[in-house]
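J.: Submitted below is the structure of interest, expressed as structure tokens.
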DNA sequence: CGCCTCCATGGAAACGATTCCATCATGGTT
DNA sequence: AACCATGATGGAATCGTTTCCATGGAGGCG
């Protein structure tokens, strides 16, 4: 019953040829039309499928590409994953998935697992810093980052300050400074990005700037930022957009969990009842903000205006529908996959995809 | 620079022992304490990692487990995937992911890909029917279904009737009948489920029944069901709960896409303005229902009551917050993974996980 | 007519691991 | 003192594929 799979040897035997010939026929090598046809027929009849194991072992090449995301429950990463999957499918490459939970340790462990599987092309939304990704690259992995860049300093989790704590170093991390290209009042978009680091990112800077300007235009002055893990670049952009006089109490961080996000949002609203607008750095944060506001009887947008980074299907369902900074999650994944696949040539450049402010109903004029 | 990975041979050489000894030490075989220590030291120093390729080839065993879901953008499948990932990680097994888009053809293709990768344990939310999964099983795959069962009849997509069309055969599909165990007015929960089919399912029947009773209790009589691909069991449960006099026009199907869901919902509201309650078979359908209702100026719950199958984080964000039938997506994934991992012994039984009606604000009394 | 080239073809090595089996040393028993 | 059981150890086969290389035949050209 359990018919074990036919091997190339079986095919060769049945077709009366050598295994080498079968291999050549199947991988497009030269062969006489007669044998080619015969081999093909036999292979089809035996339902022969070459084993990726054998092939990969021989070629010392990997099967598949790895995909590491913080949390598939977050719609954005789901979109990103769908993009990667779509591209990988069209290339016929399997995708090995890992969820890091925004934990550098788990991430490192998963990288090890991929290494063991001989998966040497990886698309990652990084949680850890150089001490994870340095070794990975050194082990010969082709890594493309998506949505974020890893923290610069070894051992530095990119989320910066811990949950509930208010703000961090006054001028952003090393990575952020580098991102901003060292020009304090930099020219308008497109932003200058670190070269040599293959990555696909959304144009956070432009998105955030647009949102801040929009809020400013509505009269808001006390604008808060609600950040999560991996939002360093967004925070930096926020600081840049706000200008020199950033009210540090209005920059708050949460970890990846929904509870933490809610706590951060609620804490922010309670400690600073004078704020008039909030910019949430991701959809989980946005959700938390809506929830916290409702819990505290703050009406949106009457009492507080809200902009969420990330467009998700339910943003339209909220009442009022949420004004968002949309980023093309699916495209980010797709492009990252393209990059990692054709990384054979010279190293791929970083790609920046545009964001878009979608104005719905969660922002109103200052009153 | 590109230090290629150390092989077992390198370790053996460096430790001055044979490869067999290294293998034994590393996989817990017998060895003298002295050599064991030496080998371990050398292995650590060389940062040796056994190649899964070599191992799997030799053992003719698969690396990893496959996971096939319709769409990672759907939060529910994201939760399910997280569950699988959690369990797989703790077992040290890599997960190969595929997204089927609810398309039997893509699904079959992905199964082929997994076969090629020698991945012979699969967790699937099936889209195709027996003509996909029969061959898969025959090829020696251990398959555990999650959330759904495949259609019984070959070539029969489990979604039954096509989008927009109204209802199907008057008494559910063969699969559903089998599910109901052939007893037309069956005893209350727990439902009798098909044995021998390894699967992890939510107790749709109880969930739907509870929801229908709840709506009935509020006075609703014209209750509609909005179904999507793979919702056969839910439809069947709905029919059963409603009783013999099912208004077939109130049972509507959409395909997996959000557009289709919206179209179905909108069409339903417009063609049957007399309905007073809607039961959405999944979160995408629920989202569509909310959107369509708003578009048509139907207020929830004043004009129409709404229950959504699936609890998702944003259900609470809606206003009013959505009353839902919660199913443990993460647990379903986790259990399915457990099942597929310890499938070595006798065949695993089907597992049914409880659902829960979470009453929030989207249902009101008939007026 | 002979030689050289070219192409189709098959044998065999290699990839990196596990595992069977033979070998050898050791220590205990008769 | 001879023998046997036990345990550590290394060699070699094996898994399924690709690929190098040798072989042999056919055909073209000098």
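Chains as they are written, first to last, in the UniProt record's numbering: chain A, 1 to 367; chain B, 1 to 367.
A virtual CB, placed ideally from N, CA and C, is assigned to each residue, including glycine.
Drop a sphere of 10 angstroms on the beta-carbon of residue 148 (chain A), count the other beta-carbons inside from all chains shown, and report buried for 16 or more, exposed for fewer.
T.: Buried.
J.: Across which residues does DSSP place residue 323 (chain A) in a beta bridge pair?
T.: According to DSSP, which records beta bridges pairwise, residue 323 (chain A) is partnered with A:307.
J.: For a quick check, are the C-beta atoms of residue 268 (chain B) and residue 222 (chain B) less than 7 Å apart?
T.: No, the pair does not count as a contact, with Cβ atoms beyond the cut-off.
J.: For residue 367 (chain B) and residue 234 (chain A), what's the separation of their Cα atoms in angstroms?
T.: In a straight line, the C-alpha of residue 367 (chain B) is about 49 Å away from that of residue 234 (chain A).
J.: Quick check on residue 32 (chain A): buried or exposed, where buried means 16 or more other Cβ atoms within 10 Å of its Cβ?
T.: Residue 32 (chain A) should be labelled exposed.
J.: I want to verify the contact list: residues of chain A whose CB lies under 8 Å from the CB of residue 258 (chain B), in sequence order.
T.: Correct list: 313.
J.: By the three-class DSSP mapping on this structure, what secondary structure does residue 443 (chain B) have?
T.: Since the first and last residues shown for chain B are 1 and 367, residue 443 (chain B) lies out of range.
J.: Taking the Cβ atom as the reference point for each residue, do residue 143 (chain B) and residue 119 (chain B) lie within a distance shorter than 7 Å?
T.: Their beta carbons are not under 7 Å apart, which means residue 143 (chain B) does not touch residue 119 (chain B) by this criterion.
J.: Any idea what DSSP makes of residue 356 (chain A), helix, strand or coil?
T.: Strand at residue 356 (chain A).
J.: Between residue 258 (chain B) and the rest of its own chain, which residues show a CB-CB distance below 7 Å, the 5 nearest in sequence each way excluded?
T.: Cβ within range, chain order: 284, 288.
J.: So with CB distances below 7 Å, who are the chain A contacts of residue 52 (chain B)?
T.: Those are 116, 117, 118, listed as they occur along chain A.
J.: Terminal residues of the continuous beta strand (DSSP E) containing residue 97 (chain A)?
T.: Here the beta strand (DSSP E) through residue 97 (chain A) covers 95–99.
J.: Would you verify that the beta carbon of residue 255 (chain B) is, or is not, closer than 7 Å to some beta carbon of chain A?
T.: Cβ-Cβ to chain A under 7 Å: no for residue 255 (chain B).
J.: Among A:270, A:264, A:321, A:246, which one has its Cα closest to the Cα of residue 297 (chain A)?
T.: Of the listed residues, the one whose Cα sits closest to residue 297 (chain A) is A:270.
J.: Please classify residue 47 (chain B) as buried or exposed, where buried requires at least 16 other C-beta atoms within 10 Å of its C-beta.
T.: The residue in question, residue 47 (chain B), is exposed, as its Cβ has fewer than 16 Cβ neighbours within 10 Å.
J.: Would you tell me roughly how many angstroms separate the C-alpha atoms of residue 360 (chain A) and residue 352 (chain B), rounded to the nearest one?
T.: When rounded, the distance between both Cα atoms is 42 Å.
J.: Determine the direct distance from the alpha carbon of residue 105 (chain B) to that of residue 92 (chain A), and round the result to whole angstroms.
T.: The alpha-carbon atoms of residue 92 (chain A) and residue 105 (chain B) are separated by roughly 15 Å.
J.: Does the pairing of the stretch 224–241 of chain B with the stretch 251–265 of chain B give three or more beta-carbon distances under 8 Å?
T.: Yes, the stretch 224–241 of chain B is in contact with the stretch 251–265 of chain B.
J.: State the beta-bridge partners of residue 66 (chain A) as determined by DSSP.
T.: Residue 66 (chain A) pairs with A:96, A:122.
J.: Got a sec? Which residues, its chain only, sit under 7 Å from residue 322 (chain A) by beta carbon, not counting five neighbours each side?
T.: 286, 306, 308, 315, 360, 362, listed in sequence order.
J.: Rounded to whole angstroms, what is the Cα-Cα separation between residue 319 (chain B) and residue 294 (chain A)?
T.: Residue 319 (chain B) and residue 294 (chain A): Cα-Cα distance of roughly 10 Å.
J.: Whole angstroms is fine: what's the gap from residue 236 (chain B)'s alpha carbon to residue 310 (chain B)'s?
T.: Looking at the two C-alpha atoms, the distance is approximately 17 Å.
J.: In the structure shown, what three-state DSSP assignment does residue 382 (chain A) receive?
T.: No answer is possible for residue 382 (chain A): the residues shown for chain A start at 1 and end at 367.
J.: Counting only Cβ pairs nearer than 7 Å, list the residues of chain A close to residue 81 (chain B).
T.: Residues of chain A passing the Cβ test: 72.
J.: With a threshold of 7 Å between beta carbons, is residue 113 (chain A) in contact with chain B?
T.: So yes, residue 113 (chain A) belongs to the interface.
J.: The alpha helix (DSSP H) with residue 227 (chain A) in it runs from where to where?
T.: It is not in any alpha helix (DSSP H) - residue 227 (chain A) instead sits in the beta strand (DSSP E) that spans 223–227.
J.: Do residue 140 (chain B) and residue 94 (chain B) have their CB atoms nearer than 7 Å?
T.: No, these two residues do not count as a Cβ contact at 7 Å.
J.: May I ask which residues mark the beginning and end of the beta strand (DSSP E) holding residue 200 (chain B)?
T.: First-last of the beta strand (DSSP E) with residue 200 (chain B): 199–202.
J.: Going by beta-carbon coordinates alone, are residue 84 (chain A) and residue 333 (chain A) separated by less than 7 Å?
T.: It is a contact, given that the beta carbons lie within the stated cut-off.
J.: What are the residues that DSSP puts in a beta bridge with residue 143 (chain A)?
T.: In the DSSP output, where bridge partners are listed per residue, residue 143 (chain A) has A:122.
J.: Using the beta-carbon of each residue, which ones in chain A are nearer than 7 Å to residue 319 (chain B)?
T.: Under the 7 Å cutoff, chain A gives 319.
J.: Excluding the five sequence neighbours on either side, which residues of its own chain have a C-beta within less than 7 Å of the C-beta of residue 77 (chain A), listed in chain order?
T.: Taken in chain order, the residues that qualify are 69, 70, 71, 125.
J.: Per DSSP, what are the beta-bridge partners of residue 253 (chain B) in this structure?
T.: Residue 253 (chain B) pairs with B:227.
J.: When burial is assigned at 16 or more other CB atoms within 10 Å of the CB, is residue 16 (chain A) buried or exposed?
T.: Exposed, by the Cβ-count rule.
J.: Can you check which of these residues, A:242, A:152, A:4, A:266, is closest to residue 292 (chain A) by C-alpha distance?
T.: Selected option, being the one with the closest Cα: A:266.
J.: Looking at the unbroken beta strand (DSSP E) that takes in residue 278 (chain A), where does it start and where does it end?
T.: Residue 278 (chain A) -> beta strand (DSSP E) spans 277–280.
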